[in-house]
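Novice:
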Amino acid sequence: MEKLLGVLTFSEVSDFQRMSLFPAEPQARRDFFRSLPLHAAAACPWYPGADGSLAELVLPLGNLQDVSSIWRPNDSSRRTAWTQQVLKPIFSRHNAGFRNMAQTSQIIDAHVHFFTADDLARVSGQLPYRLPSAHSLTAYLDTLIDAGIKPALVNNVHLSILPESENVFASFDELARLQAQNPSRYGGIELFGTILAEPDYATAERLAHPQVKGIRIVLHDARPHAVGEHAYATPAWRDLFGRLRADQHLHIYAQDPEVNLKVLRQVPETVRTVIDHLGTCQPERGADDPVYVALMQEAKRRGNVAFKGPGYRTGLDPEAVLPFVLRIVDELGTDKLLLQASDGPHVGKDQSGRPFADTFTPLSALDFVARLSDLAARRTSLSADAFRHGARAMVFPDPKRAPIQESKTMTEVVQEDFTFPVTYADGTIELRGRVFRPARLSEEAKALPPVVFNSGFTGGVSMYGQLFGNALAQRGYSVTTYDVSGFFTNKGARNTYKSGDLTITNVSLEDQKIELLALVAWTKNRFGAMPAVASWAMGSVASLAAVLDLARAGGEQISYFVPMCYTRLSALQNLRADAVAAHVAIAGLADDAPIPPFDTGTEATKLGYYPLDPATQAYVDEQLGNYTEAGGVDRWPGCSHVSAKSYKSSVNFDPEADLSAVSGRFPPALIVHGADNTLHMPSESVRLHKVYPGEKGESALLVAGMEHGQQLMADHVIFKSLIDNIDHGIRAHCA
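The working numbering applies: residue 0 is where the sequence shown begins, and numbers increase by one.
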């Protein structure tokens with residue numbers, strides 16, 4: 000027996016079936032065998048017989064020590080040891096992954112090709128790969144459904160060798176017939192199409208089909224010099240891009256990342272773009288290749304570019320593909336990545352020259368994506384689903400979520416000051432607030448709910464409230480916001496007291512919850528509808544508590560919930576040089592003792608309320624200082640000292656812990672966090688997304704390039720994208 004290759008020959012598989020190592024039903028067993036990964040020491044290539052029996056197993060053994068001591072062909076006891084020690088763990092591990100994929104309710108196939116023999120008869124000229132066999136939608140769906148996998152969405156992409164995309168339109172009719180004939184089997188599957196991107200072909204009539212969601216530029220292995228500097232900037236191409244609906248995208252396929260970059264730079268920046276195969280089919284250049292990095296940077300600058308899998312054309316080993324996936328997510332976020340695709344029927348060859356069709360089926364390709372996503376999830380704090388289909392809403396938007404031209408029209412904004420009553424346990428007072436609203440309401444805007452904006456530590460209207468208020472009012476929303484009691488316009492209303500020459504502020508998240516509920520009630524009364532609530536940072540903790548109270552009460556609930564950079568104060572303590580010592584010291588102080596508002600890492604500030612590194616302190620001092628000075632109030636942060644009670648009560652304020660105990664109605668939510676936020680960690684929002692009981696999308700929206708508040712500027716592309724997402728979410732759920 001050779002040390003690097005073991006060959007087992009069996010006449011039957013009863014021993015393995017008794018251990019439940021793979022399915023017993025022959026068709027399911029064949030699908031399982033073919034879905035096994037092929038790389039060394041992870042699993043095995045299988046050659047099942049026509050009836051599904053196990054004819055031969057070939058197992059790479061490169062990393063196993065002393066193979067001969069594990070098993071010899073003529074030694075039954077060592078064969079048993081081989082089975083238990085080597086094969087059973089392999090089967091068990093892979094079979095679990097196979098079952099998990101089959102049980103996932105959100106399987107989509109974002110890139111597959113359906114065509115008939117008649118379609119292939121129209122192919123002419125030199126081909127970039129071997130002519131494939133026909134691949135019908137019906138056979139594809141039957142294979143998946145028989146394996147226990149029913150896709151929710153399938154995208155039939157223009158096949159690169161065909162002269163047009165009539166096969167895409169034919170597949171729409173084919174699925175309609177299937178669903179009419181057998182709705183229980185084929186119902187609930189959405190079919191979309193991406194057609195050939197040629198100005199003369201992608202006419203207004205063809206693009207008007209509601210299931211057409213994109214157009215595809217096909218460049219195969221073109222070299223950069225072969226693509227003209229203005230090849231896609233001609234009047235004809237500009238007209239084509241202008242014909243795209245708001246829910247349609249441009250799809251670029253080129254194996255060379257430099258070609259992808261060259262084409263992208265010629266495309267109008269308003270066109271949503273999807274780049275195929277993670278942007279490169281040249282893994283030897285690596286994810287740090289300067290051209291690949293430049294492609295990421297251009298995509299990041301535009302803010303509307305996503306990258307699509309499945310990833311096996313970048314490399315057959317998920318470990319080798321992982322750096323490219325992580326580069327995309329590091330630069331752009333998971334909302335710009337869509338790995339879940341089969342690319343069936345797997346035309347072309349891998350880097351070694353072996354046909355992809357010899358390696359993959361649609362099932363094993365989707366399993367490749369599952370394993371790649373699981374790898375990425377283990378390397379990050381993100382969910383595997385975020386990698387599989389984080390960009391689904393961008394690539395295949397619901398028409399209701401698609402940008403509406405009128406909503407982006409910058410209208411004149413009117414500001415109005417008002418007061419609203421707030422009833423605390425010890426009495427009722429009036430707080431000051433401000434409305435930002437359009438000067439003129441369009442018919443569309445009349446259907447929008449109002450929005451309440453709150454911010455947790457120091458205030459709303461005097462800081463980010465004016466930024467979000469103006470931006471959303473320009474989209475047609477009426478926005479109310481306020482400064483929390485004890486700060487800025489509400490400094491003298493409550494939560495401040497004197498101690499000698501010091502004015503001390505008490506920061507109370509419990510009070511902020513009560514104030515927010517009062518503002519929600521005032522806003523509903525003024526505008527006639529329950530508002531959406533958008534909250535910044537610690538304000539998201541107060542608003543989560545308000546949502547929880549409304550759910551617990553069983554009455555009306557806010558219409559939409561947007562917590563941004565959610566973080567509990569207890570989690571922020573990890574930023575301190577010595578969090579335990581600071582906690583013990585502050586806990587030992589009297590409740591009314593003054594402490595600094597921030598711990599910036601110095602001896603004088605080590606007992607500060609809010610950990611803040613010097614770099615963040617510097618940017619917020621300039622940015623928020625400018626806001627508050629422009630508003631004619633105290634310069635940010637609006638206090639010189641806070642009470643020790645502020646810290647004690649805030650670290651124990653945790654409405655998230657009560658979510659599972661409340662069964663009332665929760666509003667749909669868009670949970671947003673800056674992917675590059677090093678102050679309020681993205682893992683906080685990822686965890687909130689997992690436990691939030693209301694509708695919340697497939698994953699938290701981690702915005703690439705967004706830190707904490709550094710990008711919150713009216714003309715910054717990331718802030719504009721943030722407002723886009725909030726606008727789309729509210730319109731989809733409330734308008």
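Positions of the beta carbon are idealized from the N, C-alpha and C atoms, including for glycine.
The structure displayed is predicted, hence computed values, not measured ones.
Going by C-alpha distance, which of Arg300, Asn494 and Asp510 is nearest Val702?
Specialist: For Val702, the nearest C-alpha among the options comes from Arg300.
Novice: Helix, strand or coil for Glu415 per DSSP?
Specialist: If DSSP states are grouped into helix, strand and coil, Glu415 belongs with the strands.
Novice: What is the DSSP secondary structure of Ile194, reduced to helix, strand or coil?
Specialist: strand
Novice: So the candidates are Tyr608, Val641 and Arg493; which of them puts its Cα closest to the Cα of Thr599?
Specialist: Tyr608
Novice: Any chance you could list the beta strand (DSSP E) runs of at least 3 consecutive residues sitting entirely within the region 649-713, in chain order?
Specialist: Listed in chain order, they are 671-673 and 700-702.
Novice: So what's His224 in DSSP terms, helix, strand or just coil?
Specialist: helix
Novice: Taking the beta carbon of Glu683 as the centre, do at least 16 other beta carbons fall within 10 Å, making it buried, or is it exposed?
Specialist: buried
Novice: Can you round the beta-carbon distance between Ile722 and Leu501 to whole angstroms, since I take them to be within the 8 Å contact cut?
Specialist: Contact between Ile722 and Leu501 does not hold, since their C-beta atoms are separated by about 39 Å, which reaches or exceeds 8 Å.
Novice: Given Leu776, which residues of its chain have a CB within under 8 Å of its CB, disregarding the five upstream and five downstream residues?
Specialist: In the structure as shown, the chain begins at 0 and stops at 734. Residue 776 is therefore absent and cannot be evaluated.
Novice: Starting from Ala109, follow the beta strand (DSSP E) in both directions and report where the run begins and ends.
Specialist: Ile107 to Val111
Novice: At which residue ranges does the region 470-498 contain complete beta strand (DSSP E) runs of 3 or more residues, listed in the order of the chain?
Specialist: 478-481 and 495-498
Novice: Taking Cβ to Cβ, would you say Phe417 is nearer than 9 Å to Gly468?
Specialist: no
Novice: Keeping to the same chain, check which residues put their C-beta closer than 7 Å to that of Thr333; ignore five residues upstream and five downstream.
Specialist: Leu381, Ala385, Phe386, Gly389, Ser698 and Leu701
Novice: With Glu555 as the anchor, note down where its alpha helix (DSSP H) starts and where it stops.
Specialist: No alpha helix (DSSP H) holds Glu555; DSSP gives it neither H nor E.
Novice: Measuring straight from C-alpha to C-alpha, what distance separates Leu687 and Pro162?
Specialist: 49 Å
Novice: Taking Cβ to Cβ, would you say Val413 is nearer than 9 Å to Pro449?
Specialist: no
Novice: When DSSP labels each residue in this structure, what does Leu119 get in the three-state scheme?
Specialist: DSSP, reduced to helix, strand and coil, places Leu119 within a helical segment of the structure shown.
Novice: Spell out the partners DSSP gives Val421 in its beta bridges.
Specialist: Ile428
Novice: At the level of alpha carbons, what is the spacing between Ser498 and Thr479?
Specialist: 34 Å
Novice: Drop a sphere of 10 angstroms on the beta-carbon of Asp739, count the other beta-carbons inside from all chains shown, and report buried for 16 or more, exposed for fewer.
Specialist: The structure shown has nothing for residue 739, since the chain only spans 0 to 734.
Novice: Out of Ile428, Val540, Leu140 and Leu447, point me to the one whose CA is closest to Ala656's CA.
Specialist: Comparing alpha-carbon positions, the option among Ile428, Val540, Leu140 and Leu447 lying closest to Ala656 turns out to be Val540.
Novice: Taking its Cβ as the centre, do 16 or more other Cβ atoms sit within 10 Å of Leu130, making it buried, or is it exposed?
Specialist: exposed
Novice: I need the straight-line Cα distance from Ser662 to Ala138, nearest angstrom please.
Specialist: 43 Å
Novice: Please identify the residue among Leu611, Ser569, Ile251 and Gln710 whose C-alpha is closest to the C-alpha of His276.
Specialist: Minimum Cα distance to His276 is reached at Ile251.
Novice: Here's the rule I'm using: 16 or more other beta-carbon atoms within 10 Å means buried, otherwise exposed. How should Arg378 be labelled?
Specialist: exposed
Novice: With burial defined as no fewer than 16 other Cβ atoms inside 10 Å of the residue's Cβ, what is the status of Val685: buried or exposed?
Specialist: buried
Novice: So who's on the other strand from Leu263, going by DSSP bridges?
Specialist: Paired residue(s): none; Leu263 is not in a bridge.
Novice: Please determine, among Gln511, Asp349 and Val292, the residue with the shortest C-alpha to C-alpha distance to Thr313.
Specialist: That would be Asp349, whose Cα lies nearest to the Cα of Thr313.
Novice: Under 9 Å between the Cβ atoms of Pro256 and Gln296?
Specialist: no
Novice: For Asp726 and Leu447, I'd like the C-alpha separation in whole angstroms.
Specialist: 10 Å
Novice: For Pro361 versus Asp108, is the C-beta spacing smaller than 9 Å?
Specialist: yes
Novice: Who pairs with Lys307 in a beta bridge, going by DSSP?
Specialist: Leu337
Novice: Closer than 8 Å to a non-hydrogen atom of the ligand PLP - does that hold for the CB of Ser351?
Specialist: The ligand PLP is not part of the structure shown, which contains no ligands of any sort.
Novice: Using only alpha-carbon positions, find the residue among Met712, Tyr691 and Asn524 that is nearest to Gln465.
Specialist: Ranking the options by Cα distance to Gln465, first place goes to Met712.
Novice: Distance, Cα to Cα, Ala643 vs Asp590?
Specialist: 5 Å
Novice: Can you tell which of Ala253, Glu268, Thr495 and Ala196 has the C-alpha that lies nearest to the C-alpha of Ala235?
Specialist: Ala196
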